[in-house]
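Asker: Numbering of the sequence shown is given in the numbering used here, commencing with residue 589 and proceeding in unit increments. The structure's right below; bear with me while I get my questions together.
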Amino acid sequence: MPQRFIFDSSILNSVVGGHSAIEIPKLNIHTLEAASSFLLSYGFDVTRESDLEKLWYYHRRALVLMLEKLGFQDSELPEVFRDRKGLSDIRQLLIYASSQNPDEKELQRWACAILRCMHVFVHAENDLFSSFSEEIQSQILTPFQDCIRHDGTTHRTFLQSSHMEKMEPIELLGFEVKPFKTSSSTVIKLLAKPDALAMKIFDKLGVRFITRNLFDTFQVVRFLIRENVISFPHIMPDQSSNNLYPVSLFMEVCDDLAHRLDTLDEKSIQKAFDQKLAEQGENVKFLRKENFFSGEDYRFIKFISRKLIHIKPTAGKEEFSFFYPYEVQIMDQAAHQKILSGPSEHQAYKERQRLAARKRLFPE
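Okay, here's the thing in structure tokens:
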């Protein structure tokens, strides 16, 4: 067959077919020179000691993840891949991943699995957060934290404007800063989601508000916008979820309540929202970004916004800026109680991710 008509279908699909490089079942690198060229294009120059050490570092991280986090057994891991001494040259990993020898099928599978882990680690640990974590956390979280008030006498927490006359404080049952994910948990998440890429991890940093009732969840959204804690033009609409209460129905109920002359307490307000939802029956439509690992009882409002981070380097270097994403979750007491006791409990969620990540490392 003429060479001009021979293509690598898996790589072609990765480049222009919409498939992830992680899905490629086998590489096509058969010499150390070809491996060096591939790694140079990838971003690592094996003639530089520092780059070589980084590659071995990611090799170790991959093995630790597979053996300690994903539950693969030591006895499953081929001897040659266990340490630097056995493999000798990191480029050999690429050559094993390209092997067409039937006798090396198991080595080829494991080499590909290790490389998949290494690839995601490289992306997860080389974003802007790794270099500017302190500035990013401060500039994103401080505006939220400045609005939180704790009453030491009653032990109650409020979301309150710095301008007291602007808005009434909103009582909260909880305010949490989501701890930014460790690289291991980020890698597992990326491996678990076939459509996920390292540059699409938006929830390394975030906050969660827990309100007393449904109405207050929307009050929190209004508060954050009015107080300019968030800038709504920077919200990423394709990342938003709201399976707590549809916005259109919420606005209808608020319009009805605004025209009622009788005194409204929390119970009557909640009853009005419940009644409107019940009237819709199966016709009710929620906005839910698909997540294969969250249970149906995980009900919340969630959105991803971006913050323009300003960096002022030392030694007279010019200031520069970049956008960085963060997540905001808002849920009422009822929804929060369900996720604490139901199948969406955090450990069950993580276990589903872990099993999916294992399967993706060995797709065959």
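Glycine is no exception: its CB is placed at the ideal position from the N, C-alpha and C atoms.
Is Val708 near Val775, with beta carbons less than 7 Å apart?
Answerer: As a position in the sequence shown, residue 708 is number 120, starting the count at 1. As a position in the sequence shown, residue 775 is number 187, starting the count at 1. Taking 7 Å as the Cβ cut-off, Val708 and Val775 qualify as a contacting pair.
Asker: Among all the DSSP beta bridges, which residues are the ones paired with Lys895?
Answerer: Indexing the sequence shown from 1 puts residue 895 at position 307. Under DSSP, the beta-bridge partners assigned to Lys895 are Tyr912.
Asker: So is the beta-carbon of Gln688 under 6 Å away from any non-hydrogen atom of the ligand SAM?
Answerer: In the structure shown, the ligand SAM is absent, as is every other ligand, since no ligand is present at all.
Asker: Specify, as a first and last residue, the run of the beta strand (DSSP E) that Gly674 falls within.
Answerer: If you number the sequence shown from 1, residue 674 lands on position 86. Looking at the DSSP string, Gly674 is not in any beta strand (DSSP E); the run it does join, the alpha helix (DSSP H), is Arg672 to Leu675.
Asker: According to DSSP, which residues form a beta bridge with Arg917?
Answerer: Your numbering for residue 917 matches position 329 in the sequence shown. Checking the sequence shown, residue 917 turns out to be Gln, not Arg. Gln917 is bridged to Arg796 and Lys890.
Asker: Comparing alpha-carbon positions, which option in Tyr914, Asp691, Arg670 and Lys947 lies nearest Ile823?
Answerer: For the purposes of this step, residue 823 is taken as the residue at position 235 of the sequence shown. Closest by alpha carbon: Tyr914.
Asker: Should the segment 806 to 821 be called in touch with the segment 754 to 768, which here means at least 3 C-beta pairs below 8 Å?
Answerer: yes
Asker: Indicate whether Cys705 and Leu653 have their beta-carbon atoms separated by less than 7 Å.
Answerer: Walking along the sequence shown from the start, residue 705 turns up at place 117. Walking along the sequence shown from the start, residue 653 turns up at place 65. Yes.
Asker: Where does the unbroken beta strand (DSSP E) through Arg649 begin, and where does it stop?
Answerer: Here residue 649 is taken as the residue at index 61 of the sequence shown, counted from 1. Element bounds for Arg649: not the beta strand (DSSP E) but the alpha helix (DSSP H), Glu637 to Val652.
Asker: Which of the three DSSP states, helix, strand or coil, is assigned to Thr805?
Answerer: As a working mapping, residue 805 is identified with position 217 in the sequence shown. Three-state DSSP puts Thr805 in a helix.
Asker: Which of the three DSSP states is assigned to Phe881 in this structure?
Answerer: The residue given as residue 881 occupies position 293 in the sequence shown. Confidence is the limiting factor: at Phe881 the pLDDT is only 44, short of 50, which leaves the residue's position unreliable, though a coordinate-based value still follows. If DSSP states are grouped into helix, strand and coil, Phe881 belongs with coil.
Asker: Comparing alpha-carbon positions, which option in Lys673, Leu896, Ser638 and Leu643 lies nearest Pro821?
Answerer: Residue 821 sits at position 233 when you count from the first residue of the sequence shown. For Pro821, the nearest C-alpha among the options comes from Leu896.
Asker: Hey, how far is the Cα of Arg848 from the Cα of Thr745?
Answerer: In the sequence shown, the residue the question calls residue 848 occupies position 260. In the sequence shown, the residue the question calls residue 745 occupies position 157. Distance between the alpha carbons of Arg848 and Thr745: 30 Å.
Asker: Taking C-alpha atoms, which residue in Phe911, Glu952, Leu943 and Leu949 lies nearest to Ile724?
Answerer: Counting from one through the sequence shown, the residue named residue 724 turns up at place 136. Of the listed residues, the one whose Cα sits closest to Ile724 is Phe911.
Asker: Please name the residue, chosen from Ala609, Ile798 and Pro825, that lies closest to Ile927 on a Cα-to-Cα basis.
Answerer: Locating residue 927 in the sequence shown gives position 339, counting from the first residue. Of all alpha-carbon atoms in Ala609, Ile798 and Pro825, the one lying nearest the alpha-carbon of Ile927 is that of Ile798.
Asker: Put Glu664 into one of helix, strand or coil per three-state DSSP.
Answerer: Here the question's residue 664 lines up with position 76 in the sequence shown. Helix at Glu664.
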